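Residue numbers (this note's numbering): 10 to 107.
By construction, the Cβ of each residue, glycine as well, lies at the ideal position given by its N, Cα and C atoms.
Note that the coordinates shown come from a computational prediction; the quantities given were computed from them, not determined experimentally.
Below you can see the structure in the form of structure tokens.
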């Protein structure tokens, strides 16, 4: 399942990343997480890249292949990304896209 988000938050978490944004189809806040509990489900730096090797920036519109929701009752916005796919840059957010 591909999730298209406007990237609004990126911070460091256990030497990896915490990434979140707005789902462009629903307007819901979503957080992208990994299955790696050893780093508290942070996104691995080497996984958060585009096919050309560049990295996502705030306000990028990004498509991320996900395996579904991470089922926990206190963070229902979590979606587990599939590390087998590059992330795709769809465009950049503007006043018109927000």
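Item to check | Local conformation of residue 47 per DSSP, three classes | outcome: Within the chain shown, residue 47 is the residue found at index 38, counting from 1. Reduced to three states, the DSSP call for residue 47 is helix.
Item to check | Cβ neighbour criterion (16 or more within 10 Å) applied to residue 61 | outcome: As a position in the chain shown, residue 61 is number 52, starting the count at 1. Label assigned to residue 61: exposed.
Item to check | Separation of residue 103 from residue 74, as counted between CA atoms | outcome: Counting from one through the chain shown, the residue named residue 74 turns up at place 65. Counting from one through the chain shown, the residue named residue 103 turns up at place 94. In a straight line, the C-alpha of residue 74 is about 23 Å away from that of residue 103.
Item to check | Terminal residues of the beta strand (DSSP E) in which residue 108 lies | outcome: Coverage of the chain is limited to positions 10 through 107, which leaves residue 108 absent and any answer about it impossible.
Next on the checklist: Based on DSSP bridge pairs, tell me the residues matched to residue 3.
Outcome noted: Residue 3 cannot be examined here, being either before or after the span of the chain that is shown, 10 to 107.
Item to check | DSSP state of residue 64 mapped onto helix, strand, coil | outcome: Within the chain shown, residue 64 is the residue found at index 55, counting from 1. Three-state result, residue 64: coil.
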